[in-house]
């Protein structure tokens with residue numbers, strides 16, 4: 025192998041490692057690799073820029089525009105209502121859901137379809153008291169299987185078709201891969217519908233799990249009138265950087281103070297809502313100047329004065345790779361984070 029070949033192999037290895045580390049955007053990594061190969065003379069400028077003249081990326085971009093238009097108009101929203109709302113068990117509901125999903129993903133990009141349907145499918149499972157995992161994973165896999173039916177179903181086949189054309193071969197037709205992809209999609213969807221409810225774990229939706237487990241990590245404590253903490257700020261009272269627990273809200277008369285800043289002066293009778301690990305919450309009862317709020321241990325986040333939301337951090341979010349303190353979450357969003365769910369763990 026020539027020195028140029030070794031350099032190319034090394035650049036590919038480094039790019040794969042950087043993308044696997046998920047610290048840098050793939051587009052930046054790949055563009056940087058191409059620029060490096062051009063600077064060291066492995067490829068010339070026309071070769072480095074040849075990808076921009078390939079019609080495949082523009083085809084993929086056009087599919088995203090179409091999918092975005094369908095998302096904005098709600099074109100796929102009746103799909104969930106019409107398929108999951110009927111009678112029958114999970115298998116029959118999955119069959120009614122997965123066939124249209126597979127057919128749609130044959131002509132649209134998979135990612136927007138899954139992103140549009142996931143919240144509605146999860147809400148349906150939550151309302152019916154069924155595990156969302158029975159529907160969400162098959163939904164994603166059905167979209168992937170449907171993409172095998174046509175050339176534009178996945179960006180991979182679009183790119184391969186473009187490479188064939190640039191190599192002087194005939195490009196793939198719209199249904200060139202259908203004889204192979206259609207049987208795989210049909211068998212795969214049937215497999216998912218029958219075996220997913222039996223093989224997938226019965227995981228609850230994170231919102232329901234939060235509602236069920238809220239007593240485990242939320243407690244109310246009252247500032248003792250005339251106690252040590254009266255007249256002191258939250259920072260001075262050492263209520264800011266507690267281990268495994270944090271001050272989520274302060275209830276004062278008819279006012280709910282959220283988020284709680286370090287400069288807030290405590291008053292006698294203030295009701296403090298703490299959130300955190302159960303064993304750490306119990307340690308608050310031994311802190312001088314605080315007393316248990318008796319029957320108010322269990323915090324009702326559904327009552328007046330409280331509104332909680334479940335938010336998903338997307339892969340392209342600027343919050344990825346930062347801490348709550350780095351982004352000054354409480355002040356920026358005027359909200360306190362009560363729990364974080366990641367990979368089934370809180």
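Numbering (my numbering), first residue to last: 25 to 370.
For each residue, glycine too, the CB sits at the ideal point set by N, CA and C.
In this text the structure is predicted, and so the values were computed from the model without any measurement.
Cross-strand partners of residue i (DSSP beta bridge)
i: residue 247; result: 314
i: residue 270; result: 299
i: residue 265; result: According to DSSP, which records beta bridges pairwise, residue 265 is partnered with nothing at all.
i: residue 257; result: 289
i: residue 281; result: 274
i: residue 242; result: 299
Contact check, residue i vs residue j, beta carbons under 8 Å
i: residue 247; j: residue 290; result: yes
i: residue 312; j: residue 245; result: no
i: residue 258; j: residue 299; result: no
i: residue 216; j: residue 118; result: yes
i: residue 226; j: residue 169; result: no
i: residue 158; j: residue 114; result: yes
i: residue 308; j: residue 214; result: no
i: residue 165; j: residue 112; result: no
Close-in-space but distant-in-sequence residues of the same chain around residue i (CB under 6 Å, 5 per side omitted)
i: residue 319; result: Here residue 319 scores only 44 on pLDDT, less than 50, and its place in the model is too uncertain to base an answer on.
i: residue 189; result: 195
i: residue 167; result: 125, 129, 134, 137 and 138
i: residue 28; result: 66
i: residue 324; result: Per-residue confidence for residue 324 stands at a pLDDT of 48, beneath the threshold of 50, marking its modelled position as unreliable; no derived number is given.
i: residue 107; result: 120 and 121
i: residue 86; result: none
i: residue 276; result: 294
i: residue 326; result: In this prediction, residue 326 scores a pLDDT of 48, lower than 50, which makes its location untrustworthy; no coordinate-derived value is stated.
Cβ neighbours of residue i in the same chain (closer than 8 Å, five flanking residues each side left out)
i: residue 131; result: 174, 176 and 177
i: residue 61; result: 31, 32, 35, 67 and 72
i: residue 198; result: 174, 175 and 176
i: residue 19; result: Lying before the first or after the last residue shown, residue 19 is absent from the chain, which here runs from 25 to 370.
i: residue 349; result: none
i: residue 59; result: 72
Same chain only: Cβ atoms within 7 Å of residue i, ignoring 5 sequence neighbours per side
i: residue 354; result: 283 and 360
i: residue 43; result: 50 and 53
i: residue 344; result: 337
i: residue 271; result: 258, 263, 284, 296 and 298
i: residue 205; result: 172 and 173
i: residue 273; result: 280, 281, 282, 284, 297 and 360
i: residue 235; result: Per-residue confidence for residue 235 stands at a pLDDT of 49, beneath the threshold of 50, marking its modelled position as unreliable; no derived number is given.
i: residue 351; result: 343
i: residue 200; result: 175
i: residue 56; result: none
i: residue 90; result: 132
Cβ of residue i within 8 Å of any chain C Cβ
i: residue 169; result: The question asks about chain C, but that chain is absent: this structure has only one protein chain.
(message) Whether or not the segment 183-191 and the segment 119-129 are in contact is what I'm after, with contact meaning three or more pairs of Cβ atoms, one per stretch, closer than 8 Å; do they touch?
(response) no
(message) Could you check whether the segment 60-72 touches the segment 26-40, counting it as contact only if at least three pairs of C-beta atoms, one from each stretch, sit closer than 8 Å?
(response) yes
(message) Under 8 Å, with one C-beta from each stretch per pair, do the segment 147-155 and the segment 250-263 reach the 3-pair mark?
(response) no
(request) Report yes or no: do three or more beta-carbon pairs, one from the segment 126-141 and one from the segment 164-181, lie closer than 8 Å? (result) yes
(message) I'd like to know if the segment 349-363 and the segment 269-287 are in contact, where contact means that at least 3 CB-CB pairs between them fall below 8 Å.
(response) yes
(message) Going residue by residue through the segment 133-176, where are the continuous alpha helix (DSSP H) segments of at least 4 residues, counting only ones entirely within it?
(response) 134-152 and 157-170
(request) Report the residue ranges of all alpha helix (DSSP H) runs contained in full by the segment 27-56; include only those spanning at least 4 residues, in chain order. (result) 27-45
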